[in-house]
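Quick note on the working numbering: the first sequence kicks off at 736 and runs consecutively.
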Amino acid sequence: MADITHWADVIADEVLAKGTKHLVATGITPSGHIHIGNMREVVTADVAYRALIDKGAEAEFIYIADTYDPLRKVYPFLDEASYAQHVGKPLSEIPCPCGEHKSYSEHFLEPFLGALEHLGIHPKVYRADELYKEGVYAEAIKQALVKKDEIAAILQKLSGKTPAETWSPFNPICSECGKINTTIVKGFDLDAETVDYDCSCGNSGTVSMNGGGKLTWRVDWPARWKALGVTVEPYGKDHASRGGSYDTGVAIVKDIFGSEAPHPIVYEWIMLGKQGAMSSSTGVVVSISDMLKVVPPEVLRYLIIRTKPEKHIRFDPALPLLTLVDEFERLHSSDNATSYDKRMIELSHAAGLCHTDIPFKHMTTIYQVAAGDFDRILNIVKRAGYDTSNEKCIRELAENVGNWLEMYAPDNAKFSVQEELPVMAATITDFQRAFLISFSDLLDKSGELTGEDYHNLVYSSKEPGSELNTMIANAMEVAPESLQVDPKELFKAIYISVLGQASGPKAGWFLSSLEKDFLARRFREAAAYRP
RNA sequence: GGGCUCGUAGCUCAGUCAGGCAGAGCGUCUGGCUUUUAACCAGACGGCCUAGGGUUCAAAUCCCUACGAGCCCGCCA
736 MADITHWADV IADEVLAKGT KHLVATGITP SGHIHIGNMR EVVTADVAYR
786 ALIDKGAEAE FIYIADTYDP LRKVYPFLDE ASYAQHVGKP LSEIPCPCGE
836 HKSYSEHFLE PFLGALEHLG IHPKVYRADE LYKEGVYAEA IKQALVKKDE
886 IAAILQKLSG KTPAETWSPF NPICSECGKI NTTIVKGFDL DAETVDYDCS
936 CGNSGTVSMN GGGKLTWRVD WPARWKALGV TVEPYGKDHA SRGGSYDTGV
986 AIVKDIFGSE APHPIVYEWI MLGKQGAMSS STGVVVSISD MLKVVPPEVL
1036 RYLIIRTKPE KHIRFDPALP LLTLVDEFER LHSSDNATSY DKRMIELSHA
1086 AGLCHTDIPF KHMTTIYQVA AGDFDRILNI VKRAGYDTSN EKCIRELAEN
1136 VGNWLEMYAP DNAKFSVQEE LPVMAATITD FQRAFLISFS DLLDKSGELT
1186 GEDYHNLVYS SKEPGSELNT MIANAMEVAP ESLQVDPKEL FKAIYISVLG
1236 QASGPKAGWF LSSLEKDFLA RRFREAAAYR P
């Protein structure tokens, strides 16, 4: 099988065949909590952008927040009484639900931009309301108003729907009621750059083309392509049907604005676990912030990058997440990764993205040993010999792991170090006692031990003549030759003493994560326990 | 009703654009390592490539049809 080219590089090649200068754009409406499908859009765009850069293209990456869109309805998470009056107004002109932000749109935009930062995605951010107010769309608005009938014909022909008599590609914002979907255009003045309107609230007036209103979506999109020079843009499959907004956009940008449509990248939705497609109506929703709570950012990137955009992605935050993380880490440290694997890893990393070499699984042990206390986590990580120069990354990983344990981990992944000797110590056998007391003495005598040291030490009990073997024999008052040691029993004794359960995480990692003095004390205590 | 996308091992998916011996990881099983486990090493099992037809010396791949899954088609992204 020939080397496989990653889809991002395939796209880059296709796009490069059209020219070397590119603008990758992505746009999302901050009308509510920005969800996981939107995350796929920006990661997809970011990867396409990076593939272009890697191939030497002169590329830029922008994100446009559609802050000038009207509020469609009072969403369930909004207060009916106070938001009913704002339906129809541009999002940027509506008060923030929590009162902390400048506007409604900023309320949802801000956490999303934070998530982008988190994922190492750094587009130039534009807000649609600012673009309109700055006059970026003025030329397109004029052309759209002049060629209104042509646009209507295109919409009619491609989407099969007849625009209303009073339809206009430009929707003025009423100066009286502030709404954008209740006005009817009565006329316009190209020189003054103004539009006259009547509003259903009874008001009429004149607005500026620069911020006084906005183009309707199906015209706004192609206008944006033209005004900003967009050449590559991913969008959800909801826009991809025949007669959908991409189709009409292609025709409008060509016939009305005299420009080209961007190279399309259609992407599928992300499905959640076994519950099917994510949808707000069925209640199957994972917000980006929930997702980022448990998945390290580069793993989330990997999840999206490994799958071609047009295939759906199944995301299951329970045990399959652990498999995904493992797969990523294995690939990451693999010596014989294919060029395709390497490319995926490369694209999963990103400028400014946190990366530590601490495996997620190991952190689940460390985190639980430390009971989530970050100073203790850091100490253990240091002792285990990991690089601790990037404390911020370690903190992020620890938070992911902590959230995962709390929200999604299966029971067999969980344990807690008992403050007091567990009552289960009553089940400890004489042989296990002999081991625990001997082990405890050895710990007192030795210096700091690594995970491997602990591991080897426990197994040394099997070797005749080893210090531990001799000590156990003495404690049992038998001849060393007749001592039968099954390491399984020893591990069990350790888990019982510390966790109060018969099994636990890999002993080496586990023991080296705990204080040696604590272990010595606890083992001695367990050995002495006689109910 | 119209449209878009997908269907390949028990699971998650590569491979389809450019036709040339059916692939990977995970899981399962076997063996190994003084190695407990959610570890590591070696190997095995595992497929009518959703079904049917067509083109071809040759089809998972191209064409047509059917079936299944998800979604879009209310100008509200």
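Glycine included, each C-beta is placed from N, C-alpha and C at the ideal position.
T1123 to C1089 span [Cα, whole Å]: 12 Å
Cβ neighbour criterion (16 or more within 10 Å) applied to N773: buried
Nonlocal neighbours in the same chain, by C-beta distance under 6 Å from P1240, ignoring five residues either side: T1100
For D1092 and P676, the rounded distance between their alpha carbons: Here the chain comprises residues numbered 736 to 1266, so residue 676 is not present and cannot be evaluated.
Coil, strand or helix - H757 by DSSP: strand
G1120, DSSP secondary structure in three states: coil
Nearest-angstrom Cα separation, counted from R1256 out to S1014: Low local confidence applies: a pLDDT of 47 at S1014 is under 50, so the model's placement there is unreliable, with the coordinate-based value given in what follows. Distance between the alpha carbons of S1014 and R1256 is about 54 Å.
Whole-angstrom C-beta distance between V1060 and F1095, which should lie under 8 Å: 4 Å
Spatial distance of C831 from A850 (CA atoms): 19 Å
Opening and closing residue of the alpha helix (DSSP H) in which K824 lies: No alpha helix (DSSP H) contains K824, which DSSP labels as neither H nor E.
Rounded straight-line distance, which links the Cα of N916 to that of R807: 9 Å
Selected residue, minimal CA-CA separation from V782, among P957, L1246, H1084 and F923: H1084
Alpha helix (DSSP H) segment containing S929, residue limits: According to the sequence shown, residue 929 is Thr rather than Ser. It is not in any alpha helix (DSSP H) - T929 instead sits in the beta strand (DSSP E) that spans T929 to C934.
Cβ-Cβ separation, H741 to Y1075 (assumed contact under 8 Å), whole Å: 6 Å
Endpoints, the alpha helix (DSSP H) within which R1257 is located: K1251 to A1263
Inter-residue Cα distance where the pair is R785 and S766: 28 Å
Other residues of its chain near S1247: CB distance less than 7 Å, five sequence neighbours each side excluded: R1118, A1119, L1184, T1185, G1186 and Y1189
Straight-line gap, V822 to K914 (C-alpha atoms, nearest Å): 8 Å
Proximity below 8 Å, CB of S1175 to CB of R1259: yes
Spatial neighbours of D931 in its chain, beta-carbon cut-off 6 Å, leaving aside the 5 residues before and after: K921, G922 and T941
Sub-8 Å separation of N906 and G937 beta-carbons: no
Reference R1182; option with closest CA among D1252, V750, A819 and A792: The sequence given here places Gly at residue 1182; Arg does not occur at that position. Residue D1252 is the option with its Cα nearest to G1182.
Neighbourhood of N1135 by C-beta distance below 6 Å, restricted to the same chain and skipping five residues each side: V1029 and P1031
Burial state of P1199 (16 or more Cβ within 10 Å): exposed
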